[in-house]
Amino acid sequence: MRSLSRAEPATNNHDRAGECNTRICPVKLAYNSLYSLLGMAVPVLVSLATVPLFIAQIGAERYGALAIAWLVLGYFGAADFGIGRAITHRIAELGSDNRVAKADAVYSALLSIAGFGCITAVVLFVFAQWYFAGPFKVDDGLRPEIVRAVWVLALCSPAVAINGVLAGAIMGLERFRLVAVSNTISNSGLLLLPLAVAYFIRVDLTLLIAAALVARLVGSVILGAGVWHAFLKGHPITFSRDEFASLAKFGAWIMVSALLGPVMVFADRLLIGVLIDAAAVAAYAIPMLVAARTMLIPTAISQALFPRFAAEGEESSRMRCGQFSAFIGQIFAPIIILLVCLAEPLLSVWLGGALDPRSVLIGQIILLGYWTNAIAIVPFAFLQARGQTRYTAMLHVAELPFYLALLWLLGIQFGLAGFALTFSIRTTIECAILLRKAALCKTAVIIPLVPPAILIALATLAGLLLTDVAILVVIALVLSGAAILVSVVMMPQALRPGFARIGWIVAPGALKIRLAGFMKNRGGS
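Here the numbering used here is used: the first residue of the sequence shown is 2, the next is one more, and so on.
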(Lines of atoms letter the chains of each structure in order from A and count residues from 1; the text may use other names and numbers.)
(Lines give C-alpha, C1' and ligand atoms only; values in the text may rest on other atoms or scores of the structure.)
Protein backbone atom coordinates (compact mmCIF):
# COMPACT_ATOMS: atom_id res chain seq x y z
CA MET A 1 0.00 0.00 0.00
CA ARG A 2 2.99 2.27 -0.41
CA SER A 3 1.38 4.27 -3.20
CA LEU A 4 -1.21 5.57 -0.77
CA SER A 5 1.18 6.51 2.00
CA ARG A 6 1.73 10.01 0.72
CA ALA A 7 1.44 11.29 4.27
CA GLU A 8 4.98 10.06 4.92
CA PRO A 9 7.54 12.86 5.11
CA ALA A 10 9.25 13.71 1.89
CA THR A 11 10.96 16.90 2.97
CA ASN A 12 12.41 18.54 6.04
CA ASN A 13 9.64 21.10 5.85
CA HIS A 14 7.12 18.36 6.42
CA ASP A 15 9.08 17.13 9.41
CA ARG A 16 9.13 20.63 10.86
CA ALA A 17 5.39 20.87 10.35
CA GLY A 18 4.97 17.58 12.14
CA GLU A 19 7.12 18.82 15.01
CA CYS A 20 5.04 21.97 15.20
CA ASN A 21 1.89 19.91 15.24
CA THR A 22 3.36 17.87 18.05
CA ARG A 23 3.55 21.01 20.18
CA ILE A 24 0.04 22.25 19.53
CA CYS A 25 -1.70 18.97 18.86
CA PRO A 26 -2.48 17.79 22.42
CA VAL A 27 -5.03 20.55 22.99
CA LYS A 28 -6.79 19.95 19.67
CA LEU A 29 -6.68 16.21 20.21
CA ALA A 30 -8.21 16.80 23.63
CA TYR A 31 -11.14 18.70 22.12
CA ASN A 32 -11.61 16.19 19.30
CA SER A 33 -11.50 13.29 21.74
CA LEU A 34 -13.97 15.08 24.00
CA TYR A 35 -16.41 15.63 21.13
CA SER A 36 -16.16 11.98 20.10
CA LEU A 37 -16.62 10.92 23.70
CA LEU A 38 -19.74 13.05 24.16
CA GLY A 39 -21.18 11.68 20.92
CA MET A 40 -20.91 8.16 22.30
CA ALA A 41 -21.56 8.81 26.00
CA VAL A 42 -25.16 9.98 25.66
CA PRO A 43 -26.27 6.89 23.69
CA VAL A 44 -24.55 4.72 26.30
CA LEU A 45 -26.55 6.33 29.08
CA VAL A 46 -29.67 5.82 26.99
CA SER A 47 -28.82 2.15 26.44
CA LEU A 48 -28.23 1.59 30.15
CA ALA A 49 -31.64 3.09 30.89
CA THR A 50 -33.52 1.26 28.14
CA VAL A 51 -32.26 -2.34 28.47
CA PRO A 52 -34.40 -3.12 31.55
CA LEU A 53 -37.38 -1.43 29.88
CA PHE A 54 -36.89 -3.46 26.70
CA ILE A 55 -36.70 -6.74 28.62
CA ALA A 56 -39.77 -5.87 30.67
CA GLN A 57 -41.81 -4.90 27.61
CA ILE A 58 -40.74 -7.38 24.92
CA GLY A 59 -39.28 -10.28 26.95
CA ALA A 60 -35.81 -11.83 27.15
CA GLU A 61 -36.18 -14.05 24.06
CA ARG A 62 -37.38 -11.24 21.82
CA TYR A 63 -34.66 -8.97 23.19
CA GLY A 64 -32.08 -11.67 22.43
CA ALA A 65 -33.32 -11.80 18.84
CA LEU A 66 -33.25 -7.99 18.64
CA ALA A 67 -29.68 -7.97 19.98
CA ILE A 68 -28.65 -10.40 17.23
CA ALA A 69 -30.42 -8.22 14.65
CA TRP A 70 -28.51 -5.15 15.80
CA LEU A 71 -25.25 -7.12 15.63
CA VAL A 72 -25.95 -8.32 12.10
CA LEU A 73 -26.96 -4.81 11.07
CA GLY A 74 -23.79 -3.33 12.51
CA TYR A 75 -21.69 -5.94 10.73
CA PHE A 76 -23.19 -5.55 7.28
CA GLY A 77 -23.43 -1.79 7.70
CA ALA A 78 -19.69 -1.73 8.33
CA ALA A 79 -19.12 -3.76 5.17
CA ASP A 80 -18.31 -0.65 3.15
CA PHE A 81 -15.19 -2.11 1.50
CA GLY A 82 -13.09 0.15 3.73
CA ILE A 83 -14.35 3.29 2.00
CA GLY A 84 -15.31 4.99 5.28
CA ARG A 85 -11.81 4.92 6.75
CA ALA A 86 -10.24 5.41 3.33
CA ILE A 87 -12.08 8.71 2.83
CA THR A 88 -10.91 9.90 6.26
CA HIS A 89 -7.33 9.09 5.26
CA ARG A 90 -7.74 10.76 1.86
CA ILE A 91 -9.23 14.01 3.20
CA ALA A 92 -6.56 14.28 5.90
CA GLU A 93 -3.89 13.58 3.30
CA LEU A 94 -5.09 16.33 0.94
CA GLY A 95 -4.79 19.01 3.64
CA SER A 96 -6.51 22.39 3.47
CA ASP A 97 -6.16 22.85 -0.31
CA ASN A 98 -7.39 20.77 -3.27
CA ARG A 99 -11.11 21.46 -2.86
CA VAL A 100 -11.86 19.92 -6.24
CA ALA A 101 -9.95 16.74 -5.38
CA LYS A 102 -11.81 16.52 -2.07
CA ALA A 103 -15.19 16.90 -3.80
CA ASP A 104 -14.25 14.24 -6.35
CA ALA A 105 -13.13 11.90 -3.59
CA VAL A 106 -16.31 12.36 -1.54
CA TYR A 107 -18.64 11.97 -4.53
CA SER A 108 -16.75 8.86 -5.65
CA ALA A 109 -16.95 7.41 -2.15
CA LEU A 110 -20.69 8.04 -1.83
CA LEU A 111 -21.58 6.70 -5.26
CA SER A 112 -19.50 3.58 -4.78
CA ILE A 113 -20.91 2.91 -1.32
CA ALA A 114 -24.44 3.21 -2.68
CA GLY A 115 -23.68 0.31 -5.01
CA PHE A 116 -21.92 -1.70 -2.32
CA GLY A 117 -24.84 -1.05 0.04
CA CYS A 118 -27.28 -2.67 -2.34
CA ILE A 119 -25.04 -5.73 -2.59
CA THR A 120 -24.64 -6.06 1.18
CA ALA A 121 -28.41 -5.61 1.65
CA VAL A 122 -29.06 -8.66 -0.53
CA VAL A 123 -26.39 -10.70 1.26
CA LEU A 124 -27.75 -9.63 4.65
CA PHE A 125 -31.27 -10.65 3.65
CA VAL A 126 -30.15 -14.11 2.56
CA PHE A 127 -27.98 -14.68 5.63
CA ALA A 128 -30.52 -13.41 8.17
CA GLN A 129 -33.33 -15.38 6.53
CA TRP A 130 -31.28 -18.58 6.82
CA TYR A 131 -30.01 -17.93 10.37
CA PHE A 132 -33.29 -16.91 12.01
CA ALA A 133 -35.38 -19.48 10.13
CA GLY A 134 -32.94 -22.32 10.76
CA PRO A 135 -30.20 -22.74 13.38
CA PHE A 136 -31.25 -19.92 15.74
CA LYS A 137 -32.88 -21.52 18.81
CA VAL A 138 -36.02 -19.64 19.77
CA ASP A 139 -39.61 -20.37 20.69
CA ASP A 140 -41.53 -21.58 17.63
CA GLY A 141 -44.23 -18.99 18.24
CA LEU A 142 -41.69 -16.15 17.99
CA ARG A 143 -39.73 -17.43 14.97
CA PRO A 144 -42.22 -16.26 12.26
CA GLU A 145 -42.16 -12.71 13.69
CA ILE A 146 -38.36 -12.65 13.54
CA VAL A 147 -38.27 -13.94 9.97
CA ARG A 148 -40.83 -11.33 8.85
CA ALA A 149 -38.54 -8.57 10.13
CA VAL A 150 -35.58 -9.63 8.00
CA TRP A 151 -36.47 -7.48 4.97
CA VAL A 152 -36.49 -4.30 7.09
CA LEU A 153 -33.16 -5.31 8.57
CA ALA A 154 -31.74 -5.59 5.05
CA LEU A 155 -32.92 -2.07 4.19
CA CYS A 156 -30.95 -0.70 7.14
CA SER A 157 -27.62 -1.89 5.72
CA PRO A 158 -27.13 0.79 3.00
CA ALA A 159 -28.16 3.54 5.44
CA VAL A 160 -25.53 2.46 7.96
CA ALA A 161 -22.81 2.20 5.30
CA ILE A 162 -23.57 5.64 3.84
CA ASN A 163 -23.61 7.10 7.34
CA GLY A 164 -20.10 5.70 7.88
CA VAL A 165 -18.74 7.34 4.73
CA LEU A 166 -20.31 10.71 5.59
CA ALA A 167 -18.81 10.56 9.08
CA GLY A 168 -15.45 9.52 7.65
CA ALA A 169 -15.33 12.56 5.37
CA ILE A 170 -16.13 14.93 8.24
CA MET A 171 -13.55 13.29 10.51
CA GLY A 172 -10.94 13.79 7.80
CA LEU A 173 -11.34 17.53 8.47
CA GLU A 174 -11.13 16.83 12.23
CA ARG A 175 -14.60 18.35 12.69
CA PHE A 176 -15.67 15.95 15.39
CA ARG A 177 -18.38 18.18 16.84
CA LEU A 178 -20.78 17.54 13.95
CA VAL A 179 -20.10 13.80 14.07
CA ALA A 180 -20.79 13.87 17.81
CA VAL A 181 -24.15 15.59 17.28
CA SER A 182 -25.14 13.08 14.62
CA ASN A 183 -24.05 10.09 16.70
CA THR A 184 -25.87 11.38 19.75
CA ILE A 185 -29.15 11.79 17.90
CA SER A 186 -29.04 8.69 15.71
CA ASN A 187 -27.62 6.24 18.26
CA SER A 188 -29.96 7.44 20.99
CA GLY A 189 -32.88 7.25 18.58
CA LEU A 190 -31.78 3.74 17.64
CA LEU A 191 -32.92 2.73 21.13
CA LEU A 192 -35.57 5.27 22.04
CA LEU A 193 -37.70 5.03 18.89
CA PRO A 194 -38.05 1.21 18.98
CA LEU A 195 -38.80 1.40 22.70
CA ALA A 196 -41.50 3.99 22.06
CA VAL A 197 -42.99 1.77 19.36
CA ALA A 198 -43.01 -1.19 21.74
CA TYR A 199 -44.77 0.77 24.48
CA PHE A 200 -47.19 2.91 22.51
CA ILE A 201 -47.90 1.06 19.24
CA ARG A 202 -47.18 -2.67 19.19
CA VAL A 203 -44.53 -5.20 20.17
CA ASP A 204 -43.45 -6.41 16.75
CA LEU A 205 -39.85 -6.82 15.58
CA THR A 206 -40.60 -5.47 12.10
CA LEU A 207 -41.83 -2.19 13.58
CA LEU A 208 -38.98 -2.04 16.10
CA ILE A 209 -36.31 -2.42 13.42
CA ALA A 210 -38.11 0.06 11.13
CA ALA A 211 -38.01 2.61 13.95
CA ALA A 212 -34.27 2.02 14.30
CA LEU A 213 -33.90 2.66 10.55
CA VAL A 214 -35.65 6.03 10.90
CA ALA A 215 -33.21 7.03 13.65
CA ARG A 216 -30.24 6.10 11.48
CA LEU A 217 -31.60 8.12 8.55
CA VAL A 218 -31.92 11.20 10.75
CA GLY A 219 -28.23 10.93 11.62
CA SER A 220 -27.34 10.56 7.94
CA VAL A 221 -29.27 13.72 7.07
CA ILE A 222 -27.31 15.70 9.67
CA LEU A 223 -23.97 14.43 8.39
CA GLY A 224 -25.09 14.85 4.78
CA ALA A 225 -25.76 18.54 5.35
CA GLY A 226 -22.28 18.96 6.81
CA VAL A 227 -20.64 17.10 3.93
CA TRP A 228 -22.58 19.19 1.40
CA HIS A 229 -21.37 22.48 2.84
CA ALA A 230 -17.81 21.30 3.48
CA PHE A 231 -17.12 19.49 0.20
CA LEU A 232 -19.86 19.28 -2.38
CA LYS A 233 -21.57 22.67 -2.63
CA GLY A 234 -20.80 24.23 -5.98
CA HIS A 235 -19.26 21.05 -7.38
CA PRO A 236 -21.06 18.90 -9.97
CA ILE A 237 -21.71 15.24 -9.22
CA THR A 238 -18.71 13.33 -10.54
CA PHE A 239 -17.37 9.83 -10.27
CA SER A 240 -13.59 9.83 -10.56
CA ARG A 241 -12.12 6.47 -11.46
CA ASP A 242 -8.74 7.61 -10.18
CA GLU A 243 -10.17 8.65 -6.82
CA PHE A 244 -12.19 5.46 -6.58
CA ALA A 245 -9.11 3.39 -7.40
CA SER A 246 -7.17 5.26 -4.72
CA LEU A 247 -9.91 4.74 -2.13
CA ALA A 248 -10.43 1.11 -3.08
CA LYS A 249 -6.71 0.37 -3.00
CA PHE A 250 -6.37 1.81 0.48
CA GLY A 251 -9.70 0.41 1.63
CA ALA A 252 -9.42 -3.10 0.18
CA TRP A 253 -7.43 -4.49 3.08
CA ILE A 254 -9.44 -2.42 5.55
CA MET A 255 -12.50 -4.12 4.09
CA VAL A 256 -11.02 -7.49 5.02
CA SER A 257 -10.65 -6.26 8.60
CA ALA A 258 -14.13 -4.73 8.47
CA LEU A 259 -15.55 -8.10 7.45
CA LEU A 260 -13.53 -10.41 9.69
CA GLY A 261 -13.16 -8.16 12.75
CA PRO A 262 -16.91 -7.98 13.47
CA VAL A 263 -17.24 -11.73 12.80
CA MET A 264 -14.89 -12.31 15.71
CA VAL A 265 -16.77 -9.76 17.80
CA PHE A 266 -20.23 -11.32 17.48
CA ALA A 267 -19.47 -14.94 16.53
CA ASP A 268 -19.83 -15.78 20.21
CA ARG A 269 -23.46 -14.63 20.29
CA LEU A 270 -24.29 -16.38 17.04
CA LEU A 271 -22.87 -19.64 18.39
CA ILE A 272 -24.68 -19.17 21.70
CA GLY A 273 -27.93 -18.83 19.77
CA VAL A 274 -27.17 -22.12 18.01
CA LEU A 275 -25.66 -24.13 20.88
CA ILE A 276 -27.83 -22.87 23.75
CA ASP A 277 -30.86 -20.59 23.22
CA ALA A 278 -32.10 -17.01 22.82
CA ALA A 279 -32.33 -16.44 26.59
CA ALA A 280 -28.63 -17.31 26.89
CA VAL A 281 -27.89 -14.76 24.16
CA ALA A 282 -29.55 -12.09 26.31
CA ALA A 283 -27.63 -13.24 29.41
CA TYR A 284 -24.38 -12.90 27.46
CA ALA A 285 -25.26 -9.83 25.40
CA ILE A 286 -26.16 -7.61 28.36
CA PRO A 287 -22.74 -7.71 30.12
CA MET A 288 -21.08 -7.58 26.70
CA LEU A 289 -23.09 -4.42 25.99
CA VAL A 290 -21.88 -2.83 29.23
CA ALA A 291 -18.27 -3.87 28.61
CA ALA A 292 -18.34 -2.63 25.02
CA ARG A 293 -19.63 0.76 26.18
CA THR A 294 -16.53 1.18 28.33
CA MET A 295 -14.63 1.61 25.04
CA LEU A 296 -15.99 5.14 24.72
CA ILE A 297 -12.81 6.91 25.77
CA PRO A 298 -10.35 4.70 23.82
CA THR A 299 -12.52 4.86 20.70
CA ALA A 300 -12.91 8.63 20.95
CA ILE A 301 -9.15 9.10 21.29
CA SER A 302 -8.34 6.73 18.42
CA GLN A 303 -10.82 8.49 16.12
CA ALA A 304 -9.14 11.81 16.87
CA LEU A 305 -5.68 10.29 16.36
CA PHE A 306 -6.29 8.57 13.01
CA PRO A 307 -6.16 11.70 10.77
CA ARG A 308 -3.13 12.87 12.76
CA PHE A 309 -1.33 9.59 12.20
CA ALA A 310 -2.05 9.91 8.47
CA ALA A 311 -0.81 13.51 8.20
CA GLU A 312 2.28 13.43 10.45
CA GLY A 313 5.74 12.08 9.81
CA GLU A 314 6.54 8.45 10.56
CA GLU A 315 8.57 8.92 13.74
CA SER A 316 6.42 11.64 15.30
CA SER A 317 3.26 9.60 14.74
CA ARG A 318 4.93 6.47 16.14
CA MET A 319 5.99 8.40 19.24
CA ARG A 320 2.45 9.68 19.68
CA CYS A 321 1.10 6.15 19.22
CA GLY A 322 3.30 4.84 22.01
CA GLN A 323 2.34 7.67 24.35
CA PHE A 324 -1.37 7.18 23.84
CA SER A 325 -1.20 3.37 23.99
CA ALA A 326 0.29 3.55 27.48
CA PHE A 327 -1.93 6.44 28.53
CA ILE A 328 -5.15 4.71 27.48
CA GLY A 329 -4.13 1.58 29.38
CA GLN A 330 -3.66 3.74 32.47
CA ILE A 331 -6.80 5.90 32.34
CA PHE A 332 -8.96 2.93 31.34
CA ALA A 333 -7.85 0.83 34.31
CA PRO A 334 -9.95 2.61 37.00
CA ILE A 335 -13.12 1.97 34.98
CA ILE A 336 -12.30 -1.72 34.59
CA ILE A 337 -11.42 -2.04 38.28
CA LEU A 338 -14.71 -0.54 39.44
CA LEU A 339 -16.81 -2.67 37.11
CA VAL A 340 -14.98 -5.93 37.81
CA CYS A 341 -15.21 -5.49 41.58
CA LEU A 342 -18.82 -4.31 41.61
CA ALA A 343 -20.25 -6.33 38.71
CA GLU A 344 -22.78 -8.24 40.80
CA PRO A 345 -24.24 -5.31 42.81
CA LEU A 346 -24.29 -2.98 39.80
CA LEU A 347 -26.06 -5.50 37.56
CA SER A 348 -28.50 -6.32 40.36
CA VAL A 349 -29.41 -2.66 40.84
CA TRP A 350 -29.66 -2.13 37.08
CA LEU A 351 -31.72 -5.19 36.11
CA GLY A 352 -33.32 -6.19 39.40
CA GLY A 353 -35.18 -9.47 39.17
CA ALA A 354 -34.47 -9.72 35.43
CA LEU A 355 -30.76 -10.35 36.09
CA ASP A 356 -29.52 -13.73 34.90
CA PRO A 357 -26.90 -14.90 37.46
CA ARG A 358 -24.66 -16.08 34.62
CA SER A 359 -24.20 -12.47 33.48
CA VAL A 360 -22.00 -11.52 36.46
CA LEU A 361 -19.10 -13.89 35.74
CA ILE A 362 -19.39 -13.23 32.00
CA GLY A 363 -19.03 -9.50 32.57
CA GLN A 364 -15.97 -9.89 34.80
CA ILE A 365 -14.16 -12.05 32.26
CA ILE A 366 -15.06 -9.88 29.27
CA LEU A 367 -13.91 -6.68 30.98
CA LEU A 368 -10.36 -8.06 31.16
CA GLY A 369 -10.39 -8.51 27.40
CA TYR A 370 -11.68 -5.01 26.83
CA TRP A 371 -8.77 -3.52 28.77
CA THR A 372 -6.25 -5.07 26.39
CA ASN A 373 -8.54 -4.20 23.48
CA ALA A 374 -8.48 -0.55 24.55
CA ILE A 375 -4.68 -0.54 24.42
CA ALA A 376 -4.65 -2.27 21.03
CA ILE A 377 -6.99 0.23 19.39
CA VAL A 378 -4.22 2.85 19.13
CA PRO A 379 -1.53 0.78 17.34
CA PHE A 380 -4.30 -0.64 15.14
CA ALA A 381 -5.27 2.89 14.04
CA PHE A 382 -1.60 3.82 13.65
CA LEU A 383 -0.81 0.90 11.37
CA GLN A 384 -3.83 1.56 9.16
CA ALA A 385 -3.15 5.30 8.97
CA ARG A 386 0.45 4.61 7.94
CA GLY A 387 -0.73 2.44 5.05
CA GLN A 388 -0.13 -0.97 6.65
CA THR A 389 -3.70 -2.08 6.10
CA ARG A 390 -2.60 -5.38 4.61
CA TYR A 391 -0.97 -6.40 7.87
CA THR A 392 -4.02 -5.68 10.03
CA ALA A 393 -6.22 -7.54 7.55
CA MET A 394 -3.96 -10.60 7.40
CA LEU A 395 -3.83 -10.62 11.19
CA HIS A 396 -7.61 -11.02 11.27
CA VAL A 397 -7.44 -13.70 8.56
CA ALA A 398 -4.90 -15.65 10.62
CA GLU A 399 -6.85 -15.22 13.86
CA LEU A 400 -10.29 -16.21 12.63
CA PRO A 401 -10.06 -20.03 12.34
CA PHE A 402 -8.25 -20.41 15.67
CA TYR A 403 -10.71 -18.08 17.39
CA LEU A 404 -13.78 -19.87 16.06
CA ALA A 405 -12.35 -23.25 17.03
CA LEU A 406 -11.54 -22.03 20.54
CA LEU A 407 -15.01 -20.51 20.88
CA TRP A 408 -16.57 -23.83 19.99
CA LEU A 409 -14.32 -25.88 22.29
CA LEU A 410 -14.45 -23.63 25.36
CA GLY A 411 -18.12 -22.83 24.77
CA ILE A 412 -19.05 -26.50 24.83
CA GLN A 413 -16.76 -27.18 27.79
CA PHE A 414 -17.56 -24.19 30.04
CA GLY A 415 -20.76 -22.71 28.63
CA LEU A 416 -21.16 -18.92 28.55
CA ALA A 417 -18.02 -18.38 30.64
CA GLY A 418 -16.04 -20.28 28.00
CA PHE A 419 -17.21 -17.90 25.29
CA ALA A 420 -16.22 -14.90 27.43
CA LEU A 421 -12.80 -16.39 28.21
CA THR A 422 -12.11 -17.00 24.52
CA PHE A 423 -12.88 -13.35 23.75
CA SER A 424 -10.43 -12.10 26.38
CA ILE A 425 -7.69 -14.48 25.25
CA ARG A 426 -8.03 -13.27 21.66
CA THR A 427 -7.93 -9.56 22.47
CA THR A 428 -4.86 -9.99 24.68
CA ILE A 429 -2.91 -11.88 22.03
CA GLU A 430 -3.96 -9.39 19.35
CA CYS A 431 -2.84 -6.48 21.54
CA ALA A 432 0.63 -7.97 21.95
CA ILE A 433 0.97 -8.59 18.21
CA LEU A 434 -0.09 -5.05 17.27
CA LEU A 435 2.27 -3.44 19.78
CA ARG A 436 5.14 -5.51 18.41
CA LYS A 437 4.33 -4.65 14.79
CA ALA A 438 4.15 -0.94 15.63
CA ALA A 439 7.61 -1.24 17.25
CA LEU A 440 6.14 -0.30 20.64
CA CYS A 441 7.37 -3.22 22.76
CA LYS A 442 9.65 -0.79 24.54
CA THR A 443 10.23 0.09 28.16
CA ALA A 444 8.57 3.50 27.73
CA VAL A 445 5.32 1.80 26.65
CA ILE A 446 5.31 -1.49 28.59
CA ILE A 447 6.48 -0.32 32.03
CA PRO A 448 3.61 2.20 32.48
CA LEU A 449 1.14 -0.65 31.80
CA VAL A 450 2.47 -2.94 34.55
CA PRO A 451 0.96 -1.13 37.58
CA PRO A 452 -2.58 -0.94 36.12
CA ALA A 453 -2.35 -4.59 35.05
CA ILE A 454 -1.49 -5.61 38.63
CA LEU A 455 -4.32 -3.50 40.04
CA ILE A 456 -6.82 -5.02 37.59
CA ALA A 457 -5.67 -8.54 38.53
CA LEU A 458 -6.23 -7.76 42.22
CA ALA A 459 -9.67 -6.33 41.46
CA THR A 460 -10.59 -9.45 39.51
CA LEU A 461 -9.60 -11.72 42.39
CA ALA A 462 -11.66 -9.61 44.78
CA GLY A 463 -14.68 -9.67 42.49
CA LEU A 464 -14.49 -13.45 42.07
CA LEU A 465 -13.79 -14.42 45.69
CA LEU A 466 -15.66 -11.88 47.83
CA THR A 467 -19.40 -11.41 48.24
CA ASP A 468 -19.69 -8.68 50.89
CA VAL A 469 -20.75 -5.54 49.00
CA ALA A 470 -19.28 -3.10 51.55
CA ILE A 471 -15.86 -4.73 51.38
CA LEU A 472 -16.00 -4.82 47.58
CA VAL A 473 -16.84 -1.11 47.45
CA VAL A 474 -13.85 -0.25 49.66
CA ILE A 475 -11.50 -2.42 47.60
CA ALA A 476 -12.83 -0.97 44.34
CA LEU A 477 -12.34 2.61 45.55
CA VAL A 478 -8.83 1.95 46.86
CA LEU A 479 -7.64 0.14 43.74
CA SER A 480 -9.26 2.57 41.29
CA GLY A 481 -7.82 5.50 43.26
CA ALA A 482 -4.38 3.93 43.00
CA ALA A 483 -4.88 3.48 39.25
CA ILE A 484 -5.84 7.15 38.86
CA LEU A 485 -2.74 8.20 40.80
CA VAL A 486 -0.57 6.03 38.55
CA SER A 487 -2.07 7.58 35.40
CA VAL A 488 -1.38 11.12 36.65
CA VAL A 489 2.16 10.47 37.89
CA MET A 490 3.25 8.46 34.84
CA MET A 491 1.48 10.58 32.21
CA PRO A 492 3.81 11.42 29.27
CA GLN A 493 4.95 15.04 29.28
CA ALA A 494 3.65 15.63 25.75
CA LEU A 495 0.09 14.81 26.83
CA ARG A 496 -0.07 17.10 29.86
CA PRO A 497 -1.19 20.28 28.02
CA GLY A 498 -4.20 18.54 26.50
CA PHE A 499 -5.10 16.82 29.77
CA ALA A 500 -4.84 20.10 31.69
CA ARG A 501 -7.09 21.79 29.11
CA ILE A 502 -9.73 19.06 29.53
CA GLY A 503 -9.47 19.50 33.28
CA TRP A 504 -9.99 23.24 32.85
CA ILE A 505 -13.14 22.56 30.86
CA VAL A 506 -14.77 20.06 33.18
CA ALA A 507 -13.42 20.83 36.66
CA PRO A 508 -15.35 23.30 38.81
CA GLY A 509 -14.04 26.24 40.78
CA ALA A 510 -10.93 25.80 42.85
CA LEU A 511 -10.33 22.33 41.42
CA LYS A 512 -9.59 23.96 38.05
CA ILE A 513 -6.89 26.11 39.62
CA ARG A 514 -5.37 23.20 41.52
CA LEU A 515 -5.39 20.95 38.45
CA ALA A 516 -3.87 23.60 36.18
CA GLY A 517 -1.19 24.42 38.76
CA PHE A 518 -0.36 20.77 39.31
CA MET A 519 -0.05 20.05 35.59
CA LYS A 520 2.11 23.16 35.11
CA ASN A 521 4.46 22.08 37.91
CA ARG A 522 4.64 18.54 36.56
CA GLY A 523 5.32 19.82 33.06
CA GLY A 524 8.21 21.93 34.29
CA SER A 525 9.78 19.18 36.39
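C-beta: ideal position from N, C-alpha, C; glycine also.
Under 8 Å between C-beta atoms of residue i and residue j
| i | j | result |
| --- | --- | --- |
| T423 | L407 | yes |
| I447 | A463 | no |
| I273 | S360 | no |
| S549 | I366 | No information on residue 549 is available, as it lies outside the stretch 2 to 526 that the chain covers here. |
| S189 | V43 | yes |
| L352 | G364 | no |
| R86 | V161 | no |
| S187 | G135 | no |
| L450 | G370 | no |
| S326 | L396 | no |
| R309 | R321 | yes |
| S303 | V379 | yes |
| P263 | A375 | no |
| E62 | V153 | no |
| E94 | A311 | yes |
| L465 | F381 | no |
| L72 | F251 | no |
| G412 | L276 | yes |
| A110 | L224 | no |
| T393 | Q385 | yes |
| A292 | I210 | no |
| A279 | A66 | yes |
| Q58 | Y200 | yes |
| H265 | R437 | In the sequence under discussion, the amino acid at residue 265 is Met, which differs from the His named in the question. No. Outside cutoff. |
| L343 | L473 | yes |
| F307 | M492 | no |
| G354 | K443 | no |
Minimum C-alpha distance to residue i - residue among the options
| i | options | result |
| --- | --- | --- |
| V215 | A382, F232 and P195 | P195 |
| S183 | G165, Y200, A199 and L174 | G165 |
| Y132 | G419, M265 and V148 | V148 |
| A246 | A334, I84 and H236 | I84 |
| A301 | F177, H397 and L347 | F177 |
| F240 | A104, E315, L167 and L67 | A104 |
| E431 | W409, G416 and V398 | V398 |
| F137 | T185, R100, M256 and I69 | I69 |
| F126 | A102, L156, G116 and F117 | L156 |
| I455 | T185, W229 and I338 | I338 |
| A226 | G262, V180, L208 and A249 | V180 |
| I485 | P159, P335 and A57 | P335 |
| E313 | G388, V470 and L54 | G388 |
| D205 | R144, E345 and L466 | R144 |
| L192 | I56, R100, Q324 and M492 | I56 |
| I171 | V228, R63 and L405 | V228 |
| L405 | Y392, G419, V291 and Y200 | G419 |
| R1 | P237, S488, W372 and F232 | Examination of residue 1 is not possible in this model, given that the chain is present from 2 through 526 alone. |
| L417 | V487, A394, F251 and P358 | P358 |
| Y285 | L54, Y64, I59 and A50 | Y64 |
| V123 | S158, A421, V101 and L362 | S158 |
| R242 | A50, A102, M491 and I457 | A102 |
| E146 | M256, T207 and L480 | T207 |
| E345 | A281, L467 and Q130 | L467 |
| T185 | L297, P453, S481 and M492 | L297 |
The alpha helix (DSSP H) enclosing residue i, as first and last residue numbers
| i | result |
| --- | --- |
| M172 | V151 to G173 |
| S109 | R100 to A134 |
| R178 | F177 to F201 |
| M256 | R242 to L276 |
| G220 | L206 to V228 |
| M289 | A279 to R294 |
| A231 | It is not in any alpha helix (DSSP H) - A231 carries neither H nor E in the DSSP assignment. |
| G370 | R359 to A386 |
| P402 | T390 to F415 |
| L95 | I84 to L95 |
Supposed close pair residue i, residue j - CB separation, criterion 8 Å
| i | j | result |
| --- | --- | --- |
| R294 | V45 | 4 Å |
| F383 | A439 | 6 Å |
| V107 | I120 | Not confirmed; about 21 Å, so no contact. |
| A460 | V350 | That pair is no contact at about 19 Å. |
| I163 | A115 | 7 Å |
| P452 | V489 | Actually they do not touch by this definition, with Cβ atoms about 12 Å apart. |
| T390 | I255 | 5 Å |
Contact with chain B by residue i, beta-carbon distance below 8 Å
| i | result |
| --- | --- |
| R437 | Reference to chain B is not applicable here, since this structure consists of a single protein chain. |
Considering only residues of the region 428-478, which uninterrupted alpha helix (DSSP H) runs meet the minimum length of 4 residues and lie entirely inside it, listed in chain order?
444-447 and 451-466
Could I get the ranges of all uninterrupted beta strand (DSSP E) runs contained in the region 309-352, with 3 residues as the minimum, in chain order?
Counting only runs of at least 3 residues, the region 309-352 fully encloses no beta strand (DSSP E) element at all.
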